[in-house]
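What follows is one structure encoded as structure tokens, with my remarks underneath.
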Amino acid sequence: MSGFAPLHAPSPARLSELVFERMAAAIIAGELAPGTQIKDEEIASRLGVSRMPVREALLHLERIGLIEMVASRYTRVTEVNRELMRDAFEYAGNQAGWAGRLATERMSDAELAETLALLDALLAEEIDPAEQRRRLDAFYLHLIAQSRSRHLQLATRDINLALARAMHAADEVTESRVAEIREAYRRLRPAVEKRDADAVERIIREIHAIYASL
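The number in our numbering is simply the position in the sequence shown, starting from 1, with 167 added.
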């Protein structure tokens, strides 16, 4: 497994984080396929670390749904399914909705103008899927930054990893659902412009609920 070359951590405290990043990347890329059993001693040997940072990384991976652990039986990569996808989008919707509320209340007028510009870019016609994904990421990362919440900023990576995994379970989005999502973003724009924090949080949650139901 090419992604499992020995690690060279700058400090012991950073080691479990590096193990987590390496394993998460391998799962998202499919190098560790769904159903693959994970042995902490094998991972530790491949990465050239002790078993402790591997165990800490596994607990983190379990929290965001990339692996499942049953004591004394197995640790394995989770299967990509609708339940996982729904959970990921519900989790992301809660976090993004809260970020939207805080950002709406806290951002400056200049930051508000930038937020509206990002929304306008999202609503542009005839965007290819890759560019649409980039614009979605830019919009939500901006909201999280403007929330001024350190906790939300720290959770961003976990949210993105969970969503990246969930997208593997998504069926092709029908035109009617695309229209529904776009209409929700159109309703979001005036809510942001008016700094209506309640509406912003509600609409963002609605958008993620649509994805969760695909």
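From the three backbone atoms N, C-alpha and C, an ideal C-beta is built for every residue, glycine too.
_Inside the stretch 262 to 302 only - alpha helix (DSSP H) runs reaching at least 4 residues_ = 276 to 289
*asked:* Based on DSSP bridge pairs, tell me the residues matched to Ile234.
replied: Val244
*Out of Leu233, Pro357 and Ala366, point me to the one whose CA is closest to Leu328's CA.*
Leu233
*What's the call for Leu330, buried or exposed, on a 16-neighbour Cβ count within 10 Å?*
buried
*Just how far apart, CA to CA, sit Asp295 and Met236?*
38 Å
*Under the assumption that Leu228 contacts Met190 (Cβ atoms under 8 Å), give the Cβ distance between them as a whole number of angstroms.*
6 Å
*Can you name, in chain order, every residue of its own chain whose Cβ lies under 7 Å from the Cβ of Arg268, other than the five neighbours on each side?*
Ala364, Val367 and Glu368
*Distance between Gln204 and Arg243 (C-alpha atoms, nearest Å)*: 4 Å
_Three CB pairs or more closer than 8 Å across the stretch 262 to 277 and the stretch 306 to 322_ = yes
*asked:* Arg332 and Gly260 - do their beta-carbons sit closer together than 7 Å?
replied: no
*When burial is assigned at 16 or more other CB atoms within 10 Å of the CB, is Pro357 buried or exposed?*
exposed
*asked:* Tell me which residues share the same chain as Glu360 and place their Cβ nearer than 8 Å to its Cβ, disregarding the 5 neighbours each side in the sequence.
replied: Leu279 and Leu283
*Going by alpha carbons, who is nearest to Arg301 out of Ser314, Gln262 and Leu285?*
Leu285
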